[in-house]
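Undergrad:
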Amino acid sequence: MFTSLLKVAAAACLFQLASAGVVVRDEEALIDTDDSLTGEASRPGQVRLDWSDVASLQSATYKGSNYGCKCYVGQSCWPAANKWNQLNNTVGGRLQAHIPPGAVCHNTFQGPFGNVSTYNAAACADAQANFGDEAWTVAKPAAALWTYFTNETCRATTNPTSPCTLGYYGIYVIAATTREHIKAGVDFARKNNIRLIVRNTGHDFIGRSTGWGALIINTHSFKEVTWINAYPGAGTYHGSAVKIGAGVQGGEILTQGHARSPPLVVVTGECATVGIAGGFIQGGGHGPWSTLKGMSVDNVLAFEVLTASGEFTTADANTNADLFWGLKGGGPASFAVILSVTMKTFPDVISSGATLYINGTYPSWTGGMDLFHKYANHFVDNGLYVYYEMAPFSIRVRPWVAIGKTQAQLQAILQPFLDELTTAGVVFEFMIKSYPTFFDLYNDLFEAEQAAQTALTGGWLFNHDDIANRRSQMVTAFQTVIFPRADLVGIMIGHLFNPGYNVPVADNAAHPAWRNATDFIITVLPVSETASLAVKADMQNVLTNTMDAALRGASNSGATYVNEADPYQPNWQTNFWGSSYPRLKTLRSKWDPKGIFYAIATPGTESWEVIEDGTRLCKKL
Ligand SMILES: Cc1cc2nc3c(=O)[nH]c(=O)nc-3n(C[C@H](O)[C@H](O)[C@H](O)COP(=O)(O)OP(=O)(O)OC[C@H]3O[C@@H](n4cnc5c(N)ncnc54)[C@H](O)[C@@H]3O)c2cc1C
Ligand SMILES: *[C@@H]1O[C@H](CO)[C@@H](O)[C@H](O)[C@H]1NC(C)=O
Ligand SMILES: *[C@@H]1O[C@H](CO)[C@@H](O)[C@H](O)[C@H]1NC(C)=O
Ligand SMILES: *[C@@H]1O[C@H](CO)[C@@H](O)[C@H](O)[C@H]1NC(C)=O
Ligand SMILES: *[C@@H]1O[C@H](CO)[C@@H](O)[C@H](O)[C@H]1NC(C)=O
Ligand SMILES: *[C@@H]1O[C@H](CO)[C@@H](O)[C@H](O)[C@H]1NC(C)=O
């Protein structure tokens, strides 16, 4: 058990990206080079938000309530084969009936269109070897990395006679390669009342990039990157920037930036395989540069988008400024499909990093937790970012990231903490090192993560005041997270950073509480792959009402992160967005009033629900 937990705990991402297929362009000035975006629609006030072609919902009754639901296969509303063929023609033959990645290890995929023979010894060996590999899973057209929300109905088994069904996966996937393919999918979903999901990398922890019976649009191929020396567009910033296509991943942009002269960086996540222009940016985006440069959305200059009504347009300080504000942290899959994001770039600089491991029972373990948090404000107030993991009797701080600081400077910041650990008799292993650039540090110190994790995730934000005044309650709460019940073990993945250090006030939808952040913690509760619905309900209850409740009770931040939190928590609206929520709800009713897009616990989705044990998506009437 402990070994598998440690696998979950090693949650940072290995930097191992195939750079094949990445398109790089160099551009001195213009950013709107795409012809499809130069029409009338990109000017203010010219977007057609016309909902007259939206198909109506299907009525249903569930547990005594009336619902209007999306249309599903087998119902009379389901588009006939010739309509799907037409869609397939429109997208150049890139529409596929979705078969889960584990199917190659099963004799039969019992899919929605009947039985398909799927066993393939070589493909199965590959699937078994790579089922936990992030890059392998990202490259599958509709796979989810955190497989709990696929319902675990088709893993890469060693028993080919075991059943393989679709579970909560989408039914069709468009492997889009042009913007018109994306538009074709959005238009088709809108006109036929089909549940729609845009899937970028599939990293979403809480199943937002998968959904039972949905049409999936995969954006992975949108790899175009354009480096801009002087941003000519709207707003006051005219420095260096980069336009990033919808499918570009964090590690790809950092690798390309490193190859520039001088080397450049972008505020990406800590994980190399997470996307930039998809769920990450719409959630706000935090990463190793966030103490120095703010959230990722603090650095956004423009978006190119496709609206729910099927119109191409831009969103920046001058054009569709309301949408621009909302896309910057207002929640994934809520307002538009993002085609590209343009962000500020910064010169890379010398950096230093350190790691520290503590193994041991009480009092070392709890003492280590306590002293580490005693210095948490000190670390971020000195401009640092820190990634750490806490599991039963193990603390791994890997790494401290000191951008622009020498090893001696980092050592001086850490020394009082190390001295106190020693005085307290805590045994630890410490390493410190300097690097020519942040990029070198990133490659050396951030670690691999496993895909195919069956786990629930939650999380909570601790601010400066919590650290200063509630540390002992926090340490008690951490023990509740890690030992929530006699038969269960949890894990904590923490990130120390403060986006308010250099960006105290921001004009975007990311929760205002980030500006006082010190420690954002993800909670992880591993669940058995074969758990029944009753066991899953019990596990969800433990996450919401024991683990995360303990963290909430030890904090006054009132905040957590839409991308890395429990979607079933009470008051997710204010916990994710604070005072910005009402404005986001209004934006939703303007840009997607009919619910063409849907992701759980995002603005305006209060009346939407997945009924019948994780299957039909419906609106309560
Ligand atoms: C190992 C790991 C490490 C992580 N590290 C960080 C981190 O350091 N910092 C951080 O902030 N977050 C981090 N995350 C969380 C991450 O922000 C979310 O998982 C995010 O949803 C990933 O976005 P994606 O587009 O890559 O993934 P997907 O799962 O493909 O998409 C997520 C959501 O965005 C929507 N979406 C995707 N593309 C588009 C688009 N073009 N237009 C509109 N909607 C779209 C999807 O429909 C879905 O709702 C991490 C996650 C994992 C699993
Ligand atoms: C779409 O067309 C391609 C090419 O003709 C074909 O291979 C594929 O099976 C079609 N998809 C569906 C769902 O019919
Ligand atoms: C599909 O395959 C399953 C498992 O092999 C089998 O039990 C079932 O009878 C098959 N259904 C049809 C319609 O062939
Ligand atoms: C999901 O999994 C549960 C528990 O194994 C099972 O009862 C249910 O039938 C599954 N549903 C789907 C659609 O796979
Ligand atoms: C802690 O345990 C790990 C894994 O067994 C080991 O690699 C590491 O050296 C240990 N560290 C300390 C400080 O004992
Ligand atoms: C940050 O904390 C300070 C002092 O505790 C407080 O005055 C301020 O309102 C807080 N800011 C935010 C955005 O929460």
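According to mature numbering (1 follows the signal peptide of the UniProt record, and there is no 0), the sequence shown holds residues -20 to -1, 1 to 601 in order. Ideal Cβ placement from N, Cα and C applies to all residues, glycine included.
1) Specify whether the region 447 to 454 and the region 228 to 245 touch according to this definition: at least 3 beta carbon pairs, one from each stretch, less than 8 Å apart.
2) Determine the DSSP secondary structure at W116, reduced to helix, strand or coil.
3) From the DSSP output, read off the bridge partner residues of K413.
4) When DSSP builds the beta bridges, which residues end up paired with M370?
5) So which residues put a beta carbon under 7 Å from any heavy atom of ligand 3, going in chain order?
6) List, from N- to C-terminal side, the beta strand (DSSP E) runs of 3 residues or more that fit wholly inside the region 151 to 239.
7) If contacts are defined as beta-carbon pairs under 8 Å, then V360 and T271 qualify, I think. What distance do you get, rounded to the angstrom?
8) Following the continuous alpha helix (DSSP H) through I447, name the residue where it begins and the one where it ends.
9) Quick check on G231: buried or exposed, where buried means 16 or more other Cβ atoms within 10 Å of its Cβ?
10) Return the Cβ separation of G182 and N543 in integer angstroms, given the expectation that the two are a contact with Cβ distance under 8 Å.
11) Can you give the Cα-Cα distance for D12 and L307, rounded to whole angstroms?
12) In chain order, which continuous runs of the alpha helix (DSSP H) of length 4 or greater are located wholly inside the region 540 to 588?
13) Ligand 4 and K516: does the residue's C-beta get closer than 8 Å to at least one heavy atom of that ligand?
14) Is the distance from the Cβ of N525 to the Cβ of A539 below 9 Å?
15) Which two residues bound the contiguous alpha helix (DSSP H) that contains A301?
16) Between T346 and V407, what straight-line distance do the alpha-carbon atoms span, to the nearest angstrom?
17) If you follow the beta strand (DSSP E) that V317 is part of, which residue opens it and which one closes it?
18) Compute the beta-carbon to beta-carbon distance between I330 and S201, rounded to the nearest angstrom, for a pair I have assumed lies under 8 Å.
19) Can you find at least 3 beta carbon pairs, one from the region 289 to 309 and one from the region 377 to 392, that sit closer than 8 Å?
20) Looking only at its own chain, which residues have a Cβ that is under 6 Å from the Cβ of C104, when we skip the five neighbours before and after it?
21) Buried or exposed: where does L10 fall if 16 or more other Cβ atoms within 10 Å of its Cβ makes it buried?
22) Alpha carbon to alpha carbon, what distance is there between R28 and T18?
23) Are any of the Cβ atoms in chain D nearer than 9 Å to that of K203?
24) What would DSSP say about W510, mapped onto helix, strand or coil?
25) Quick check: the Cα distance between W192 and R596, rounded to an integer number of angstroms?
26) Would you kindly work out how many angstroms separate the C-alpha atoms of L398 and L421, rounded to a whole number?
27) Would you identify the three-state DSSP class for N298, choosing helix, strand or coil?
28) Mapping the DSSP letters down to three states, classify F292 as helix, strand or coil.
29) Considering only C-alpha positions, which residue in the set P547, S320, N46, A371 is nearest to R580?
30) Opposite K599 in the DSSP bridges: which residues?
31) In terms of residue numbering, what span does the alpha helix (DSSP H) encompassing F89 cover?
32) If A486 and S537 are in contact, beta carbons under 8 Å, what's the gap, nearest whole angstrom?
33) Around the Cβ of T503, are there at least 16 other Cβ atoms within 10 angstroms (buried) or fewer (exposed)?
TA: The structure says:
1) no
2) helix
3) G333
4) I375, M472
5) N87, T88, Q90, G94, N95, P143
6) 152 to 155, 176 to 179, 195 to 198, 205 to 208, 221 to 225
7) About 6 Å separates the two Cβ atoms, so the contact holds.
8) 444 to 449
9) buried
10) About 13 Å; that fails the 8 Å criterion.
11) Low local confidence applies: a pLDDT of 38 at D12 is under 50, so the model's placement there is unreliable, and no value is given.
12) The region 540 to 588 contains these whole alpha helix (DSSP H) runs: 552 to 557, 561 to 571.
13) Checking every heavy atom of ligand 4 against the Cβ of K516, one is found closer than 8 Å.
14) No, the pair does not count as a contact, with Cβ atoms beyond the cut-off.
15) 301 to 307
16) 12 Å
17) 316 to 324
18) Wrong, their Cβ atoms sit about 36 Å apart, outside the cutoff.
19) no
20) Closer than 6 Å at the Cβ level, and outside the excluded window around C104, lie V84, C85.
21) For L10, the predicted structure reports a pLDDT of 34, less than 50, and the residue's modelled location is therefore unreliable. The matter cannot be settled from this model.
22) Residue confidence for T18 is low, a pLDDT of 38 falling below 50, so the modelled location carries little weight and cannot support an answer.
23) Among the protein chains of the structure shown there is no chain D, as only one such chain exists.
24) Position check: residue 510 holds Thr in this sequence, whereas Trp was assumed. It is coil, neither helix nor strand.
25) Spanning the two alpha carbons is a distance of roughly 7 Å.
26) A direct Cα-Cα distance of roughly 21 Å separates L398 from L421.
27) coil
28) strand
29) This sequence places Ile at residue 580; Arg is not what is there. Closest option to I580, Cα to Cα, is P547.
30) G48, W588
31) Taken as a continuous stretch (DSSP letters only), F89 belongs to no alpha helix (DSSP H), being part of the beta strand (DSSP E) at 88 to 91.
32) Incorrect: roughly 17 Å between the Cβ atoms, too far for contact.
33) Buried, since its Cβ has 16 or more Cβ neighbours within 10 Å.
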